[in-house]
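Taken in order, the sequence shown gives residues 544 to 714; the numbers are from the numbering used here.
We treat Cβ as the ideally placed atom computed from N, Cα and C, and that holds for glycine.
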Amino acid sequence: SSGINAEWLLRPGDSKTSESKCDRLKQSIMQLRTQLTQAVAEHRQSEQNLRNRKIKTESALETWIAKYDADMGERQEEFEQIDTVYKIEKTQLEDLEQRFQVLEEEYNRIMEERRIAAEQKAEEERRLRLLTKAAVVIQAHWRSYATRKKLKQKKKGKKGKKEKSTDCTLR
Numbered sequence: 544s545s546g547i548n549a550e551w552l553l554r555p556g557d558s559k560t561s562e563s564k565c566d567r568l569k570q571s572i573m574q575l576r577t578q579l580t581q582a583v584a585e586h587r588q589s590e591q592n593l594r595n596r597k598i599k600t601e602s603a604l605e606t607w608i609a610k611y612d613a614d615m616g617e618r619q620e621e622f623e624q625i626d627t628v629y630k631i632e633k634t635q636l637e638d639l640e641q642r643f644q645v646l647e648e649e650y651n652r653i654m655e656e657r658r659i660a661a662e663q664k665a666e667e668e669r670r671l672r673l674l675t676k677a678a679v680v681i682q683a684h685w686r687s688y689a690t691r692k693k694l695k696q697k698k699k700g701k702k703g704k705k706e707k708s709t710d711c712t713l714r
């Protein structure tokens, strides 16, 4: 019974069809294996190129990091030197500002004293001019008075002299 069933399953045209399907499938498998081999080779080559590129990039990155670290180290040293100089100069500046403040206060005090002295001198000169002018006026009035008095005395004296002179002639 199993033989009958097997005969019934296999038909005379089926074996040729099956063989041709197998051949096509084998051919297809071969083509796919060839494509797979080519794809694997291409992918391996691409992977190798990418790995090389990654190595170069990492190497360049390490070089840049080392250069950056060296540059920043130099900059840090330069900064520390400048900062030290700055702190020293700042301390000197503060000392000089304190000295200047003392000198400025003394200068302002001296200038104030000079201003007051100049004002006093100007006031004294004004007062002296005023006194001189008053003295000149007083002297002018006194001279005028004295001159008038002398003139009066001379007038009296002339009258008296004329009488005396007549007296003298009489004598």
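Rounded to the nearest angstrom, the gap between the Cα atoms of R672 and A665 is 10 Å. For secondary structure counted as the alpha helix (DSSP H) over 4 or more consecutive residues, the region 628 to 695 holds no complete run. Our two residues, K597 and R567, have alpha carbons roughly 43 Å apart in a direct line. Taking the Cα positions, Q624 is about 12 Å away from G616.
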